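In order, the protein sequences belong to chains V and D. Numbering that gives the first Met the number 0 puts the first sequence at residues 0 to 274. Numbering that gives the first Met the number 0 puts the second sequence at residues 0 to 274.
Number of protein chains: 2
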Amino acid sequence: MEQKSSVKSFGGTQGVYSHASTALSCDMNFAVYLPEGNGPFPVLYWLSGLTCTEENFITKAGAQRVASELGLVIVAPDTSPRGEGVPDDPEGAYDFGLGAGFYLNATQEPWSKHYKMYDYSTQELPALIAKEFPVDAGRAGVFGHSMGGHGAMTIHLKNPDKFKTCSAFSPIVAPSQVPWGKKAFSNYLGSNESAWAEYDATALVAKQPSKAEILIDQGAADNFLVEQLKPQLFANAASEAGQAYVLRMQDGYDHSYYFIASFIEDHLRWHAERL
Amino acid sequence: MEQKSSVKSFGGTQGVYSHASTALSCDMNFAVYLPEGNGPFPVLYWLSGLTCTEENFITKAGAQRVASELGLVIVAPDTSPRGEGVPDDPEGAYDFGLGAGFYLNATQEPWSKHYKMYDYSTQELPALIAKEFPVDAGRAGVFGHSMGGHGAMTIHLKNPDKFKTCSAFSPIVAPSQVPWGKKAFSNYLGSNESAWAEYDATALVAKQPSKAEILIDQGAADNFLVEQLKPQLFANAASEAGQAYVLRMQDGYDHSYYFIASFIEDHLRWHAERL
């Protein structure tokens, strides 16, 4: 692991690191906010949305202030494998390929060699973090935005003992049923839709709810709400399955980091209280 | 004036606007954060540093949370004239020309036609803001970062009744004595250094201190501290002249927006208490 940058922020340190990922067969960057003190600290994994890198969250969300106060480590990985030899959408679309790993393990050529963001996010990166940073891996949560909200919810539902708390901003809750998800899943996972259900929070919760309470914030003025996000699909399945959740429709807010920044404090306190 | 974007943020509105500037003879963008409610609100002008546009502050500083709480309007203009016909540094350097207007009125060709950021920041923009937004122009302050800290301090010292409060992050306090300032002033203002003193906070405070107390935060790990910023030059002149000020050297902090974000709340409360 190599430190690419380190900046003091709210008494702690905002770092960006690079390492050679085995799961993804490429070099990967990730960001870590480390509060002042010796730890061990509870750790939150932030999963970003389409087009993002490890930089968006740390520059725009304003999370460091509250992470410093609460003594939380926040890890923010990149959103896909990167670099030479990593295939991209043939037309360079923003919603597939680079910047759009969808936190799954691709099974289809040419994606399956590098696009293993599920293994990376759930295994390789947490192992590296536990080794290199003063975290209490027994107190870990996951949260994210849009595609990363999808990642957070599916990763929590599949690993409720490892990622004990979960929240999301504007998540893609039912990728199997919306254009972004259908495009990604058909390419990464193939046409057999039973494989898709393994990475679909709405399908997962119907099968196996977690014991946690999931917090979802959704901007009511979000341009992607009606076509891509559809939080009611998850809410309905969760209610039926007995999954505890809070879905807050936030009047007037859009899909941007201005929305995230406005409510990030609530999410950090939510996780801290439960970890 | 045209609204380019408007996003809900902490209950208020973060907007970006465009207008045809008479002072600068070009179209200019500026950002306005407007808290919830009817106002009239006190108004702060944020002046950004080298290379910035109206976007840097609103995406990275995390000011909206406290501006919302305190009921402050924050206006953040671009840092130079822009567009076709506006001359730039012949070599495209980051520290002169586009993105580097230095908040002065250029007197030398070819800069004098467009580079009138002093008139723009002190006259044209405040008049437009007073006309279009619910501000109490009698309660206005100015603050900024680096080149914009220089702008804030000189503008306050020259107009203490119009911009009543002043603070700065990592300001260029004595441009006449450092490389960034010497390059900009010799090009914009010519070789007669008596003209430079009109835009040099250290020279201005020696001649005419204000009745306000000026807050300066400076990161002690700032790479530009020793060569370009030199806050002690201002502190010495201010002490001698009887200018009240607080200079805080912040251990471990650099020149970035991570530093600004860490202390922006202090600055906003500082201004709000005094306006």
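The beta carbon of each residue, even a glycine, is placed where N, CA and C say it ideally should be. Owing to the predicted nature of the structure, the values given are computational and were not obtained by experimental measurement.
What residues from chain V crowd round D:Ser17, counting only those whose CB sits closer than 8 Å? Position 18 of the second sequence, counted from the first residue, corresponds to residue 17 of chain D. Correct list: empty, because the minimum Cβ distance to chain V is about 19 Å.
Does the beta-carbon of V:Pro34 have 16 or more other beta-carbons within 10 angstroms, so that it is buried, or is it exposed? Against the first sequence, residue 34 of chain V aligns to sequence position 35. Classification for V:Pro34: buried.
Continuous beta strand (DSSP E) stretch holding V:His254: start and end: Along the first sequence, one-based indexing puts residue 254 of chain V at 255. Element bounds for V:His254: n/a, residue is neither H nor E.
Cβ of V:Gln13 within 8 Å of any chain D Cβ: In the first sequence, residue 13 of chain V corresponds to position 14, counting from 1. Yes - at least one Cβ of chain D is within 8 Å of the one on V:Gln13.
Rounding to the nearest angstrom, what Cα-Cα distance links V:Tyr187 and V:Ile154 in this structure? Position 188 of the first sequence, counted from the start, is the residue given in the question as residue 187 of chain V. Position 155 of the first sequence, counted from the start, is the residue given in the question as residue 154 of chain V. Going by the C-alpha atoms only, they are around 17 Å apart.
Take D:Met0 and list the residues in its own chain whose beta-carbon comes closer than 8 Å to its own, dropping the five residues that flank it on each side. Here residue 0 of chain D refers to the residue found at position 1 of the second sequence. So the qualifying residues of the chain are Tyr16, Ser17, His18, Leu127, Glu131.
Which residues does DSSP list as the beta-bridge partners of V:Leu103? Counting from one through the first sequence, the residue named residue 103 of chain V turns up at place 104. Looking at the DSSP assignment, V:Leu103 forms no beta bridge with any residue, so it has no partner.
What would DSSP say about D:Ile171, mapped onto helix, strand or coil? Stepping through the second sequence from its first residue, residue 171 of chain D is reached at position 172. Three-state DSSP puts D:Ile171 in coil, outside helix and strand.
How long is the line joining the alpha carbons of D:Ala220 and D:His254, rounded to whole angstroms? As a first step, residue 220 of chain D must be located in the second sequence, where it is residue number 221. As a first step, residue 254 of chain D must be located in the second sequence, where it is residue number 255. Going by the C-alpha atoms only, they are around 8 Å apart.
Chain V residues whose Cβ lies nearer than 8 Å to that of D:Phe9: Residue numbering aside, residue 9 of chain D sits at position 10 when the second sequence is read from its first letter. Chain V residues near D:Phe9: Ala260, Ser261.
Can you find the residues in the same chain that come closer than 6 Å, C-beta to C-beta, to V:Phe223, ignoring five residues on each side of it along the sequence? On the first sequence, residue 223 of chain V is found 224 positions in, with the first residue counted as 1. Within the same chain, V:Phe223 has close Cβ partners His254.
Compare the C-beta of D:Glu58 with all C-beta atoms of chain V and state if any pair is closer than 8 Å. Numbered from 1 along the second sequence, position 59 holds the residue referred to as residue 58 of chain D. Residue identity check: residue 58 of chain D is Thr in the sequence provided, not Glu. Yes, D:Thr58 lies at the interface with chain V (some Cβ there is under 8 Å from its Cβ).
Pull up the distance between the alpha-carbon of V:Ser185 and that of V:Lys115, whole angstroms please. Sequence index remark: in the first sequence, residue 185 of chain V carries index 186 (1-based). Sequence index remark: in the first sequence, residue 115 of chain V carries index 116 (1-based). When rounded, the distance between both Cα atoms is 15 Å.
Apart from the five residues on each side of it in sequence, which residues of its chain come closer than 6 Å, Cβ to Cβ, to D:Arg247? As a working note, residue 247 of chain D is residue 248 in the second sequence. Cβ within range, chain order: Asp216.
Below 8 Å between beta carbons: does that hold for D:Tyr119 and D:Ala22? Counted from its first residue, the second sequence places residue 119 of chain D at position 120. Counted from its first residue, the second sequence places residue 22 of chain D at position 23. Taking 8 Å as the Cβ cut-off, D:Tyr119 and D:Ala22 qualify as a contacting pair.
Does DSSP classify D:Arg138 as helix, strand or coil? By 1-based counting over the second sequence, the position of residue 138 of chain D is 139. Correct three-state label for D:Arg138: strand.
Three Cβ pairs or more, each shorter than 8 Å: is that satisfied between the segment 36–55 of chain D and the segment 266–274 of chain V? no
Run the CB neighbour count on D:Gln13, radius 10 Å, all protein chains shown included, and call it buried at 16 or more, exposed below. Here residue 13 of chain D refers to the residue found at position 14 of the second sequence. The residue is buried, with at least 16 neighbouring Cβ atoms inside 10 Å.
Under 8 Å from the C-beta of V:Asp253: neighbouring residues of chain D: The count along the first sequence starts at 1 and reaches residue 253 of chain V at position 254. What V:Asp253 touches in chain D: Val6, Lys7.
Same chain, Cβ closer than 7 Å to V:Phe233, five either side skipped, listed in chain order: The sequence position of residue 233 of chain V within the first sequence is 234, counting from 1. Excluding residues within five positions, the ones whose Cβ falls inside 7 Å are Val172, Ala173, Ala200, Thr201, Val204.
For a contact meaning CB atoms closer than 9 Å, what does D:Ala30 contact in chain V? Along the second sequence, one-based indexing puts residue 30 of chain D at 31. By Cβ distance, chain V contributes nothing, its closest Cβ being about 12 Å from D:Ala30, past 9 Å.
With distances taken from CA atoms, which of V:Ser47, V:Val31, V:Thr50 is nearest V:Pro41? On the first sequence, residue 41 of chain V is found 42 positions in, with the first residue counted as 1. Per the Cα distances, V:Val31.
For V:Ala240, go through chain D and note every residue whose CB falls closer than 8 Å to its CB, in chain order. Along the first sequence, one-based indexing puts residue 240 of chain V at 241. Ordered by position in chain D, no residue passes the 8 Å Cβ test against V:Ala240, which lies about 32 Å from the chain.
Residue range of the beta strand (DSSP E) that includes D:Phe40: Indexing the second sequence from 1 puts residue 40 of chain D at position 41. D:Phe40 -> beta strand (DSSP E) spans 40–46.
Considering only C-alpha positions, which residue in the set D:Ala194, D:Leu124, D:Pro208, D:Ser169 is nearest to D:Phe29? Here residue 29 of chain D corresponds to residue number 30 of the second sequence, with the count starting at 1. When only C-alpha atoms are compared, the closest one is D:Leu124.
Which residue comes first and which comes last in the alpha helix (DSSP H) that contains D:Asn186? The count along the second sequence starts at 1 and reaches residue 186 of chain D at position 187. It spans 178–188 - the alpha helix (DSSP H) in which D:Asn186 sits, taken as one unbroken run.
Would V:Ala220 count as contacting chain D if we go by Cβ distances under 8 Å? Your numbering for residue 220 of chain V matches position 221 in the first sequence. With 8 Å as the cut-off, V:Ala220 counts as an interface residue toward chain D.
Is the separation between the beta-carbon of D:Tyr256 and that of V:Lys7 shorter than 8 Å? Position 257 of the second sequence, counting from 1, holds the residue named residue 256 of chain D. Position 8 of the first sequence, counting from 1, holds the residue named residue 7 of chain V. Cβ distance not < 8 Å, so D:Tyr256 and V:Lys7 don't count as in contact.
Quick one: list the residues of chain D neighbouring V:Gly36, beta-carbon separation under 7 Å, in chain order. In the first sequence, residue 36 of chain V corresponds to position 37, counting from 1. Result: empty, since nearest Cβ-Cβ is about 15 Å, beyond 7 Å.
Mind checking which residues open and close the alpha helix (DSSP H) that includes V:Leu232? Looking up residue 232 of chain V in the first sequence gives position 233. 230–240 is the span of the alpha helix (DSSP H), which, as asked, contains V:Leu232.
Between D:Phe168, D:Val65, D:Ile263, D:Ser47, which has its C-alpha nearest D:Ser79's C-alpha? Stepping through the second sequence from its first residue, residue 79 of chain D is reached at position 80. Nearest option by C-alpha distance: D:Ser47.
By the three-class DSSP mapping on this structure, what secondary structure does V:Asp118 have? Counted from its first residue, the first sequence places residue 118 of chain V at position 119. Of the three classes helix, strand and coil, the one that applies to V:Asp118 here is helix, per DSSP.
Taking only beta-carbon positions, decide if D:Gly48 is within less than 8 Å of chain V. Start at 1 with the first residue of the second sequence, and residue 48 of chain D comes out as number 49. With 8 Å as the cut-off, D:Gly48 does not count as an interface residue toward chain V.
Tell me, please, whether the CB atom of V:Gly70 is closer than 8 Å to any CB atom in chain D? Here the question's residue 70 of chain V lines up with position 71 in the first sequence. Taking Cβ atoms only, chain D never reaches closer than 8 Å to V:Gly70, which makes this a no.
Within the same chain, show all residues whose beta-carbon is closer than 6 Å to that of V:Val65, passing over the 5 residues directly before and after it, in chain order. Position 66 of the first sequence, counted from the first residue, corresponds to residue 65 of chain V. Once the five neighbours on either side are set aside, the close Cβ partners of V:Val65 are Glu264, Leu267.
For the alpha helix (DSSP H) that V:Glu1 lies in, which residues bound it at each end? The sequence position of residue 1 of chain V within the first sequence is 2, counting from 1. V:Glu1 -> not in any alpha helix (DSSP H); beta strand (DSSP E) instead, spanning 1–8.
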